[in-house]
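J.: In terms of my numbering, the sequence shown opens at residue 4 and continues consecutively. Just so you know, even glycine gets a beta-carbon here, dropped at the ideal spot from N, CA and C.
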Amino acid sequence: MKNYLSSTSLKSQAKGQLLGKYGTLAGTYAIHALCVSALSGITSLFLNPGSVIEYIIYFAVSFLISIFSGLFSYGETYIYLKTSCGQQPVLSDLFYGFKQTPDRIIRVAVVFSLISYLLNLPVFLLSLLPQETLLNGYGMLLFSLLTVVCAVIGMLLMLTYSQSYYLLLDFPDCSAREALRKSRDMMKGSKGRLFYIDLTFVPLMLLCVLTCGIGLLWLMPYMQATKANFYLDLVKQN
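Here you go:
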(Lines of atoms letter the chains of each structure in order from A and count residues from 1; the text may use other names and numbers.)
(Lines give C-alpha, C1' and ligand atoms only; values in the text may rest on other atoms or scores of the structure.)
Protein backbone atom coordinates (compact mmCIF):
# COMPACT_ATOMS: atom_id res chain seq x y z
CA MET A 1 0.00 0.00 0.00
CA LYS A 2 1.32 3.43 -0.95
CA ASN A 3 1.92 5.72 2.00
CA TYR A 4 1.63 9.26 0.68
CA LEU A 5 2.47 12.32 2.74
CA SER A 6 -0.51 14.29 4.01
CA SER A 7 -1.27 17.78 2.70
CA THR A 8 -0.22 19.16 6.10
CA SER A 9 3.18 17.47 5.83
CA LEU A 10 3.69 18.69 2.26
CA LYS A 11 2.83 22.25 3.25
CA SER A 12 5.09 22.06 6.30
CA GLN A 13 7.99 20.95 4.10
CA ALA A 14 7.30 23.81 1.72
CA LYS A 15 7.36 26.40 4.50
CA GLY A 16 10.79 25.25 5.63
CA GLN A 17 12.18 25.18 2.10
CA LEU A 18 10.97 28.71 1.35
CA LEU A 19 12.84 30.37 4.20
CA GLY A 20 15.29 32.92 2.83
CA LYS A 21 14.02 32.49 -0.74
CA TYR A 22 10.81 34.52 -0.78
CA GLY A 23 12.41 37.55 -2.44
CA THR A 24 13.54 35.58 -5.48
CA LEU A 25 10.34 33.55 -5.71
CA ALA A 26 8.05 36.57 -5.36
CA GLY A 27 10.10 38.29 -8.04
CA THR A 28 9.69 35.44 -10.51
CA TYR A 29 5.93 35.36 -9.94
CA ALA A 30 5.69 39.13 -10.42
CA ILE A 31 7.70 39.06 -13.67
CA HIS A 32 5.57 36.22 -15.09
CA ALA A 33 2.31 37.90 -14.09
CA LEU A 34 3.34 41.32 -15.42
CA CYS A 35 4.54 39.95 -18.77
CA VAL A 36 1.35 37.99 -19.40
CA SER A 37 -0.88 40.82 -18.13
CA ALA A 38 0.89 43.33 -20.38
CA LEU A 39 0.48 41.13 -23.46
CA SER A 40 -3.17 40.43 -22.64
CA GLY A 41 -3.80 44.13 -22.05
CA ILE A 42 -2.23 45.11 -25.38
CA THR A 43 -4.29 42.43 -27.14
CA SER A 44 -7.52 43.73 -25.59
CA LEU A 45 -6.55 47.30 -26.48
CA PHE A 46 -5.92 46.68 -30.17
CA LEU A 47 -8.30 43.77 -30.76
CA ASN A 48 -11.83 44.63 -29.76
CA PRO A 49 -13.84 41.74 -31.24
CA GLY A 50 -17.17 42.63 -32.77
CA SER A 51 -17.56 40.04 -35.51
CA VAL A 52 -16.92 36.29 -35.72
CA ILE A 53 -13.65 36.83 -37.64
CA GLU A 54 -12.45 39.34 -35.04
CA TYR A 55 -13.31 36.89 -32.26
CA ILE A 56 -11.29 34.17 -34.01
CA ILE A 57 -8.28 36.49 -34.33
CA TYR A 58 -8.63 37.57 -30.71
CA PHE A 59 -8.71 33.99 -29.43
CA ALA A 60 -5.83 32.95 -31.71
CA VAL A 61 -3.64 35.71 -30.24
CA SER A 62 -4.78 34.84 -26.71
CA PHE A 63 -3.94 31.20 -27.41
CA LEU A 64 -0.39 32.17 -28.41
CA ILE A 65 -0.06 34.25 -25.24
CA SER A 66 -1.11 31.25 -23.13
CA ILE A 67 1.58 29.12 -24.82
CA PHE A 68 4.14 31.88 -24.16
CA SER A 69 2.99 31.85 -20.53
CA GLY A 70 3.60 28.08 -20.50
CA LEU A 71 7.32 28.67 -21.05
CA PHE A 72 7.36 30.86 -17.95
CA SER A 73 5.37 28.22 -16.05
CA TYR A 74 8.01 25.66 -16.98
CA GLY A 75 10.70 27.97 -15.58
CA GLU A 76 8.70 28.36 -12.38
CA THR A 77 8.36 24.58 -12.15
CA TYR A 78 12.14 24.32 -12.45
CA ILE A 79 12.57 26.92 -9.71
CA TYR A 80 10.29 25.12 -7.26
CA LEU A 81 11.75 21.73 -8.05
CA LYS A 82 15.17 23.17 -7.18
CA THR A 83 13.74 24.74 -4.03
CA SER A 84 12.11 21.50 -2.87
CA CYS A 85 15.41 19.67 -3.46
CA GLY A 86 17.30 22.10 -1.23
CA GLN A 87 18.95 24.10 -4.02
CA GLN A 88 19.08 27.88 -4.29
CA PRO A 89 16.96 29.28 -7.16
CA VAL A 90 17.97 32.42 -9.05
CA LEU A 91 15.82 34.90 -10.94
CA SER A 92 17.21 33.82 -14.33
CA ASP A 93 15.78 30.32 -13.75
CA LEU A 94 12.42 31.77 -14.76
CA PHE A 95 13.64 31.79 -18.38
CA TYR A 96 14.87 28.17 -18.25
CA GLY A 97 12.08 27.07 -20.58
CA PHE A 98 13.23 29.43 -23.32
CA LYS A 99 16.67 27.82 -23.36
CA GLN A 100 16.04 24.10 -22.80
CA THR A 101 14.46 22.27 -25.78
CA PRO A 102 11.44 24.62 -25.90
CA ASP A 103 9.72 22.47 -28.53
CA ARG A 104 8.85 19.80 -25.91
CA ILE A 105 7.61 22.46 -23.51
CA ILE A 106 5.55 24.20 -26.18
CA ARG A 107 3.83 20.91 -27.09
CA VAL A 108 2.75 20.41 -23.48
CA ALA A 109 1.74 24.08 -23.21
CA VAL A 110 -0.39 23.65 -26.34
CA VAL A 111 -2.20 20.72 -24.69
CA PHE A 112 -2.90 22.77 -21.55
CA SER A 113 -4.11 25.72 -23.65
CA LEU A 114 -6.32 23.49 -25.80
CA ILE A 115 -7.91 21.97 -22.71
CA SER A 116 -8.69 25.43 -21.40
CA TYR A 117 -9.97 26.91 -24.67
CA LEU A 118 -11.85 23.94 -26.09
CA LEU A 119 -13.74 23.30 -22.88
CA ASN A 120 -14.70 26.96 -22.63
CA LEU A 121 -15.79 27.06 -26.27
CA PRO A 122 -19.36 25.72 -25.74
CA VAL A 123 -19.97 28.29 -23.02
CA PHE A 124 -18.51 31.05 -25.21
CA LEU A 125 -20.67 30.08 -28.20
CA LEU A 126 -23.75 29.94 -26.01
CA SER A 127 -22.99 33.42 -24.67
CA LEU A 128 -23.23 34.75 -28.27
CA LEU A 129 -26.92 33.87 -28.37
CA PRO A 130 -29.44 36.72 -28.05
CA GLN A 131 -29.87 37.88 -24.46
CA GLU A 132 -33.59 37.11 -24.46
CA THR A 133 -32.79 33.48 -25.33
CA LEU A 134 -30.34 33.18 -22.44
CA LEU A 135 -32.66 34.84 -19.95
CA ASN A 136 -35.51 32.39 -20.45
CA GLY A 137 -35.62 29.33 -18.21
CA TYR A 138 -34.24 26.78 -20.67
CA GLY A 139 -31.46 29.05 -21.92
CA MET A 140 -30.24 29.84 -18.42
CA LEU A 141 -30.41 26.18 -17.40
CA LEU A 142 -28.45 25.09 -20.48
CA PHE A 143 -25.84 27.80 -19.90
CA SER A 144 -25.44 26.79 -16.24
CA LEU A 145 -25.16 23.08 -17.03
CA LEU A 146 -22.59 23.66 -19.78
CA THR A 147 -20.54 25.88 -17.48
CA VAL A 148 -20.47 23.25 -14.73
CA VAL A 149 -19.75 20.33 -17.10
CA CYS A 150 -16.92 22.20 -18.85
CA ALA A 151 -15.42 23.27 -15.53
CA VAL A 152 -15.46 19.71 -14.15
CA ILE A 153 -14.00 18.14 -17.30
CA GLY A 154 -11.34 20.85 -17.54
CA MET A 155 -10.37 20.42 -13.90
CA LEU A 156 -10.05 16.63 -14.26
CA LEU A 157 -7.89 16.96 -17.37
CA MET A 158 -5.64 19.60 -15.81
CA LEU A 159 -5.18 17.42 -12.72
CA THR A 160 -4.45 14.40 -14.92
CA TYR A 161 -1.63 16.12 -16.80
CA SER A 162 -0.46 18.38 -13.96
CA GLN A 163 2.88 16.58 -13.51
CA SER A 164 4.00 16.92 -17.15
CA TYR A 165 6.40 19.85 -16.65
CA TYR A 166 8.05 18.13 -13.68
CA LEU A 167 8.55 14.99 -15.76
CA LEU A 168 10.09 16.96 -18.64
CA LEU A 169 12.56 18.42 -16.13
CA ASP A 170 13.34 15.13 -14.41
CA PHE A 171 13.66 13.18 -17.66
CA PRO A 172 15.41 15.34 -20.32
CA ASP A 173 15.05 12.61 -22.96
CA CYS A 174 11.31 12.30 -22.36
CA SER A 175 9.12 13.56 -25.21
CA ALA A 176 6.05 15.72 -24.62
CA ARG A 177 3.75 12.79 -25.39
CA GLU A 178 5.61 10.51 -22.96
CA ALA A 179 5.49 13.16 -20.23
CA LEU A 180 1.73 13.56 -20.67
CA ARG A 181 1.25 9.77 -20.61
CA LYS A 182 3.43 9.34 -17.52
CA SER A 183 1.57 12.13 -15.76
CA ARG A 184 -1.75 10.47 -16.58
CA ASP A 185 -0.50 7.15 -15.17
CA MET A 186 1.03 8.73 -12.05
CA MET A 187 -2.12 10.68 -11.23
CA LYS A 188 -4.40 7.65 -11.22
CA GLY A 189 -5.81 7.61 -7.71
CA SER A 190 -4.07 10.89 -6.80
CA LYS A 191 -6.22 13.50 -8.54
CA GLY A 192 -8.40 13.81 -5.44
CA ARG A 193 -5.33 14.41 -3.25
CA LEU A 194 -4.06 17.23 -5.45
CA PHE A 195 -7.55 18.73 -5.71
CA TYR A 196 -7.83 18.68 -1.91
CA ILE A 197 -4.46 20.45 -1.62
CA ASP A 198 -5.77 23.15 -3.97
CA LEU A 199 -8.90 23.50 -1.84
CA THR A 200 -6.85 24.06 1.33
CA PHE A 201 -5.42 27.22 -0.25
CA VAL A 202 -8.83 28.74 -1.07
CA PRO A 203 -9.18 30.62 2.27
CA LEU A 204 -5.74 32.20 1.74
CA MET A 205 -6.70 33.13 -1.82
CA LEU A 206 -9.78 34.91 -0.50
CA LEU A 207 -7.58 36.84 1.93
CA CYS A 208 -5.34 37.84 -0.99
CA VAL A 209 -8.35 39.52 -2.58
CA LEU A 210 -8.45 41.88 0.41
CA THR A 211 -4.82 42.85 -0.29
CA CYS A 212 -5.64 43.67 -3.96
CA GLY A 213 -3.53 40.69 -5.02
CA ILE A 214 -0.35 41.72 -3.21
CA GLY A 215 -0.68 38.69 -0.93
CA LEU A 216 -0.21 36.45 -3.96
CA LEU A 217 3.50 37.33 -3.89
CA TRP A 218 3.63 35.25 -0.70
CA LEU A 219 0.89 32.72 -1.43
CA MET A 220 1.94 31.57 -4.91
CA PRO A 221 5.45 30.46 -3.82
CA TYR A 222 3.83 28.59 -0.92
CA MET A 223 1.39 26.83 -3.26
CA GLN A 224 3.99 26.00 -5.90
CA ALA A 225 6.51 24.66 -3.38
CA THR A 226 3.78 22.46 -1.88
CA LYS A 227 2.95 21.08 -5.33
CA ALA A 228 6.63 20.42 -6.06
CA ASN A 229 6.77 18.36 -2.87
CA PHE A 230 3.60 16.59 -3.96
CA TYR A 231 5.37 15.59 -7.20
CA LEU A 232 8.47 14.33 -5.38
CA ASP A 233 6.30 12.28 -3.02
CA LEU A 234 4.36 10.92 -5.99
CA VAL A 235 7.57 9.88 -7.78
CA LYS A 236 8.88 8.22 -4.63
CA GLN A 237 5.74 6.10 -4.34
CA ASN A 238 5.67 5.11 -8.02
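Quick test of your reading: Cys38 and Phe75, contact by CB under 8 Å. State the CB separation rounded to the nearest angstrom.
T.: Translated into positions along the sequence shown, residue 38 becomes position 35. Translated into positions along the sequence shown, residue 75 becomes position 72. Contact between Cys38 and Phe75 holds: their C-beta atoms lie close to 7 Å from each other, under 8 Å.
J.: Could you check the C-alpha separation between Thr163 and Gln20 for me, to the nearest Å?
T.: Counting from one through the sequence shown, the residue named residue 163 turns up at place 160. Counting from one through the sequence shown, the residue named residue 20 turns up at place 17. Rounded to whole angstroms, Thr163 to Gln20 spans 26 Å at the Cα level.
J.: Nearest to Leu207 by alpha carbon, out of Leu159, Leu13, Trp221, Leu124?
T.: As a working mapping, residue 207 is identified with position 204 in the sequence shown. Selected option, being the one with the closest Cα: Trp221.
J.: Grab me the residues of Arg110's own chain with a C-beta within less than 6 Å of its C-beta, minus the 5 sequence neighbours each way, in chain order.
T.: Residue 110 sits at position 107 when you count from the first residue of the sequence shown. Excluding sequence neighbours, Arg110 sits near Ala179.
J.: With three or more beta-carbon pairs closer than 8 Å as the criterion, would you say the stretch 182 to 190 touches the stretch 158 to 174?
T.: yes
J.: Pick helix, strand or coil for Asp176, following the three-state DSSP scheme.
T.: Sequence index remark: in the sequence shown, residue 176 carries index 173 (1-based). Correct three-state label for Asp176: coil.
J.: Give the straight-line distance between the Cα atoms of Pro224 and Tyr141, rounded to the nearest whole angstrom.
T.: Stepping through the sequence shown from its first residue, residue 224 is reached at position 221. Stepping through the sequence shown from its first residue, residue 141 is reached at position 138. Each residue's Cα considered, the two are about 43 Å apart.
J.: Taking only three categories from DSSP, how would you classify Ile217?
T.: Along the sequence shown, one-based indexing puts residue 217 at 214. Coil.
J.: Restricting to runs no shorter than 4 residues, where is the alpha helix (DSSP H) found entirely within the stretch 74 to 114?
T.: 99 to 102, all fully within the stretch 74 to 114.
J.: Identify the continuous alpha helix (DSSP H) that holds Lys194 and give its terminal residues.
T.: Here the question's residue 194 lines up with position 191 in the sequence shown. That run of the alpha helix (DSSP H) goes 194 to 203.
J.: Using 8 Å as the threshold, is the C-beta distance between Leu22 and Asn232 below it?
T.: Counting from 1 along the sequence shown, the entry for residue 22 is found at position 19. Counting from 1 along the sequence shown, the entry for residue 232 is found at position 229. No; because the gap between Cβ atoms is not below 8 Å, this pair is not in contact.
J.: Use the C-beta contact count for Ile45: other C-beta atoms within 10 angstroms, 16 or more gives buried, fewer gives exposed.
T.: The residue labelled residue 45 in the question sits at position 42 within the sequence shown. Counting Cβ neighbours within 10 Å, Ile45 comes out exposed, since fewer than 16 surround it.
J.: Answer with buried or exposed for Leu219, where buried requires no fewer than 16 other C-beta atoms within 10 angstroms of its C-beta.
T.: To locate residue 219, count along the sequence shown from 1; it is residue 216. Leu219 is buried by the Cβ-count criterion.
J.: Quick check on the burial criterion: 16 or more other C-beta atoms within 10 angstroms. Buried or exposed for Leu209?
T.: On the sequence shown, position 206 is the one that residue 209 refers to. Exposed is the call here.
J.: Give every residue of the same chain whose Cβ lies closer than 6 Å to the Cβ of Ala29, excluding the five residues on either side of it in the sequence, and list them in chain order.
T.: As a working note, residue 29 is residue 26 in the sequence shown. Within the same chain, Ala29 has close Cβ partners Leu220.
J.: Less than 8 Å between C-beta atoms, sequence neighbours within five positions excluded: which residues of the same chain meet that for Gly89?
T.: Sequence index remark: in the sequence shown, residue 89 carries index 86 (1-based). Here the set comprises Gln20.
J.: If you run the structure through DSSP and keep just helix, strand and coil, what is Gln20?
T.: In the sequence shown, counting from the first residue as 1, residue 20 sits at position 17. Gln20 falls in the helix class under three-state DSSP.
J.: Alpha carbon to alpha carbon, how far is Asp201 from Ile3? Give it in angstroms, no decimals.
T.: The first residue shown for the chain is 4 and the last is 241, placing residue 3 beyond what the model contains.
J.: Output needed for Ile108: all residues of its chain with C-beta closer than 7 Å, excluding positions within five of it in sequence on either side, in chain order.
T.: Within the sequence shown, residue 108 is the residue found at index 105, counting from 1. Around Ile108: Gly73, Leu74, Tyr77, Gly100, Leu171.
J.: What's the C-alpha gap between Ile217 and Ile34?
T.: Position 214 of the sequence shown, counted from the start, is the residue given in the question as residue 217. Position 31 of the sequence shown, counted from the start, is the residue given in the question as residue 34. Computed Cα separation, rounded: 13 Å.
J.: Assuming Cys153 and Leu122 make a contact with CB atoms under 8 Å, what is their CB distance in whole Å?
T.: As a first step, residue 153 must be located in the sequence shown, where it is residue number 150. As a first step, residue 122 must be located in the sequence shown, where it is residue number 119. With a Cβ gap of about 4 Å, Cys153 and Leu122 count as contacting.
J.: What's the call for Glu57, buried or exposed, on a 16-neighbour Cβ count within 10 Å?
T.: Along the sequence shown, one-based indexing puts residue 57 at 54. So Glu57 counts as exposed.
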